[in-house]
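Protein chains in written order, with numbering that gives the first Met the number 0: chain R, 0 to 285; chain U, 0 to 297. One structure is given below, encoded as structure tokens.
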Amino acid sequence: MSTATVAINAAARAPKRAIPGFGTTLGFSIFYLSLIVLIPLAGVFFRASGLGLDGLWHVLSSPRVLHALSLSFVAAFIAAAINAVFGGIVAWVFVRYEFPGKRLLDAVIDLPFALPTAVAGIALTALYSPNGWIGELLTPLGIKVAYTRLGIVVALTFIGLPFIVRTVEPVLREVEKDLEEAAATLGAARWHTVSRVILPAVMPALVTGFALAFARGVGEYGSVIFIAGNFPNLTEIAPLLITIKLDEFDYQGATAIAAAMLMISFGLLLVINLLQAWARKRGGTQ
Amino acid sequence: MTLSHSQSAQTLPFEPLMQRNAAITEARWVRATLTAIAILFLAGFLLLPLLSVFVTALSKGIGAYFASFGSAETQAAIKLTLLAAGIAVPANLVFGLSAAWAITKFEFRGKQFLMTLIDLPFSVSPVVAGLIYILVFGAQGWAGPWFSAHDIKVVFAVPGIVLATIFVTFPFIARELIPLMQELGTDDEQAALSLGASGWQTFWHVTLPNIKWGLLYGVLLCNARAMGEFGAVSVVSGHIRGLTNTMPLHIEILYNDYQFVPAFAVASLLALLALITLAAKSLLEWRFADQLAATRRH
């Protein structure tokens, strides 16, 4: 909408492309994008297509690969769901309430973006191992986190938290207080206002944040491999299996798993883009 | 909005009337419970791991901590990390500026598609990001034979590490600049050009001062990721100690050797970098909110 008006203004006032550098900057951007991203990525699909459908299926249908792929997806899904609940609460509290230390904690929310995944991995493992600060408390209760699937969920929850909070926060801030007041005036209980007025407004953002956290979790490697223990068919995630196949010089196996993961991530990316378009539309009609 | 709130709270001896509207807020105990849940969740999931890095690093005393940085391998890892980030960040800076200029100053078909392609590296697993360069430059890759014929090592050498780092940090700066430059529009540049400035002069003296804080914001995030990248770099590095080990890879090796204090000591340097990044980022969001893209304003 705004880009359209900008275009009209520019066309009305100045001859087309009065600003120089179009060819150079676009040309360089596309060249660099192709060289670093597109051509190498295309290489995976080219290699994978060389295997043929039978070859791909042969790799992907082996129990170890199937287990690793499903573990990566299920763990990422659970972690994203945990984050949708707690990240939603965190976003709500930060937008609506005041409390001491709010600014400091607000800065800390982005820690998973800034902290290298290997550092997060060894720190979480140290915390949750049986003699770690948290592991010590959980072991008497019979809960094992480090070197189990639960540990993978913990690591992915750490990684995914900011995606939800930072996607929901701006939308929550824009929810019109007028609407809430109207609902209250019309006799809605507070809980009804929250579930019927506020939740539908932030739903697209919540789902987008979920999808972003999920997509990141599926491919996550660094923070998981330390806490997972990496037992085949038990706590071995798909990205780790790619590195194992590479170490064994099984390039075809590695390529097949990578191609499957890429297809699924691109599918997710498409879903995220559609969700964001949907969210923009809803935002526009409000 | 938040500014006027805090100002009135400081200057007025009483609560402003608009502060609490019973109809559109929750009961006190609900507010307290939700706030407690949020703080506990953040403390348990974020602060505790951060704290444990520093506590473990210093667990054998300050002497052991600093002794951890004495080994030649650790120093080589620090140098390689600085080198990789030192190449990847400027490379993506040039790309980010160029892509943002093309996308925000001109209209063309396929712009939305181009922006989706720029974001692509974010949705690729780091391990796959490393793998793609092995498939291109490895011994069995397309370009592998040509490079080995010319005696250039890419995979299991420094160029591969730099390439993988560029890939995973590819979208950071472009993503900060595109929304910001879209908001700023082209009026300033049009004015400068109509007054006779050249394209470069317009960029240096008009565009760059307008976007400098947004640019710094993008560079900070890009650098943090570049120095901390693990998965992609791990795949292409070949783990040759003292030669192709970056700091995160060195942490893994030390940790797997049960050298916990040195592992956490190196980790504490990266954690410190993360803290500095967060502090600088928050400072930019507070001080220069109006000069960042709208999504970054708090």
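For every residue, glycine included, the Cβ atom is placed at its ideal position computed from N, Cα and C. Nothing here was measured: the structure is a model prediction, and the numbers come from that model.
Output the boundary residues of the alpha helix (DSSP H) element that contains residue i.
i: HIS149/U; result: Looking at the DSSP string, HIS149/U is not in any alpha helix (DSSP H), and its letter there is neither H nor E.
i: GLN200/U; result: 198-201
i: VAL235/U; result: 230-236
i: THR276/U; result: 259-286
i: GLU173/R; result: 148-173
i: TYR286/R; result: The requested residue 286/R is not part of the displayed model; chain R covers only 0 to 285.
i: TRP91/R; result: 62-95
i: PRO125/U; result: 125-136
i: SER51/U; result: 47-56
i: ALA87/U; result: 71-104
i: ASP105/R; result: 101-107
i: PHE230/R; result: PHE230/R -> no alpha helix (DSSP H), and no H or E assigned at all.
i: LEU119/U; result: Element bounds for LEU119/U: n/a, residue is neither H nor E.
i: ASP177/R; result: 176-184
i: ASP246/R; result: 237-246
i: PHE209/R; result: 198-218
i: ASN244/U; result: Neither: ASN244/U is in no alpha helix (DSSP H) and is coded neither H nor E.
Since residue i and residue j should fall inside the 8 Å C-beta cutoff, what is the C-beta to C-beta distance between them, to a whole number of angstroms?
i: LEU261/R; j: VAL123/U; result: 7 Å
i: ALA264/U; j: TYR64/U; result: 5 Å
i: VAL126/U; j: THR242/R; result: 6 Å
i: ALA276/R; j: LEU68/R; result: Not quite, the Cβ-Cβ distance comes to about 29 Å (not below 8 Å), so this is no contact.
i: SER281/U; j: ALA106/R; result: 4 Å
i: ILE131/U; j: GLY42/R; result: 6 Å
i: VAL223/R; j: GLY120/R; result: 7 Å
i: VAL232/U; j: THR164/U; result: 6 Å
i: ALA37/U; j: ILE88/R; result: 5 Å
i: ALA117/R; j: GLY266/R; result: That belief does not hold up - the Cβ atoms of ALA117/R and GLY266/R are roughly 28 Å apart, past 8 Å.
i: GLU219/R; j: ILE158/R; result: 5 Å
i: ALA90/R; j: VAL167/R; result: 4 Å
i: LEU41/U; j: LEU104/R; result: 6 Å
i: PRO111/R; j: PRO39/R; result: Going by Cβ atoms, the distance from PRO111/R to PRO39/R rounds to 27 Å, so no, they are not a contact pair.
Excluding the 5 residues preceding and the 5 following residue i in the sequence, name in chain order all residues of the same chain whose CB lies nearer than 7 Å to its CB.
i: ILE86/U; result: VAL161
i: LEU245/R; result: ALA253
i: ALA99/U; result: ALA173, LEU176, ILE177, MET180
i: LEU274/R; result: PRO203, VAL206, THR207, ALA210
i: ILE236/R; result: ALA67, LEU70, SER71, ILE151, VAL223, ALA227
i: LEU49/U; result: ALA270
i: LEU192/U; result: THR201
i: PHE44/R; result: ALA258
Expressed to the nearest angstrom, what Euclidean distance is found between the alpha-carbon atoms of residue i and residue j?
i: LEU219/U; j: ALA188/R; result: 45 Å
i: VAL84/R; j: ARG172/R; result: 18 Å
i: GLU135/R; j: ILE81/R; result: 23 Å
i: GLU284/U; j: LEU291/U; result: 7 Å
i: ALA223/U; j: VAL52/U; result: 17 Å
i: VAL88/U; j: LEU215/U; result: 11 Å
i: ALA75/R; j: SER267/U; result: 27 Å
i: ALA257/R; j: SER48/R; result: 12 Å
i: ALA156/U; j: ASN244/U; result: 10 Å
i: ILE18/R; j: LEU134/U; result: 41 Å
i: THR34/U; j: TRP28/U; result: 10 Å
i: VAL217/R; j: ASP109/R; result: 20 Å
i: TRP145/U; j: VAL36/R; result: 20 Å
i: SER70/U; j: LEU52/R; result: 50 Å
i: THR294/U; j: ASP256/U; result: 43 Å
i: GLY109/U; j: HIS57/R; result: 38 Å
i: GLY198/U; j: THR24/R; result: 12 Å
i: VAL94/R; j: PHE259/U; result: 40 Å
i: ILE29/R; j: SER97/U; result: 10 Å
i: GLU106/U; j: GLY131/R; result: 56 Å
i: ILE151/U; j: VAL235/U; result: 15 Å
i: ALA273/U; j: LEU248/U; result: 17 Å
i: GLN139/U; j: VAL73/R; result: 34 Å
i: ARG195/R; j: GLU175/R; result: 14 Å
i: LEU119/U; j: PRO238/R; result: 18 Å
i: ALA9/R; j: ALA101/U; result: Its pLDDT being 48, under 50, ALA9/R is placed unreliably by the model, and nothing is read from it.
i: LYS211/U; j: PHE213/R; result: 33 Å
i: GLY241/U; j: GLY60/U; result: 26 Å
i: ASP289/U; j: LEU183/U; result: 11 Å
i: ARG63/R; j: PHE136/U; result: 28 Å
i: SER61/R; j: PRO208/U; result: 57 Å
Closer than 6 Å by C-beta to residue i: which residues in its own chain qualify, once you throw out the five before and the five after it? Chain order, please.
i: ALA262/U; result: ILE250, LEU253, TYR254
i: ALA13/R; result: Bear in mind that the predicted position of ALA13/R carries a pLDDT of just 46, short of 50, making it too unreliable to give a figure here.
i: THR80/U; result: MET226, THR245, MET246
i: MET0/R; result: Because the pLDDT at MET0/R is just 44, under 50, the model does not fix this residue reliably, and the value given afterwards should be weighed accordingly. Excluding residues within five positions, none has a Cβ falling inside 6 Å.
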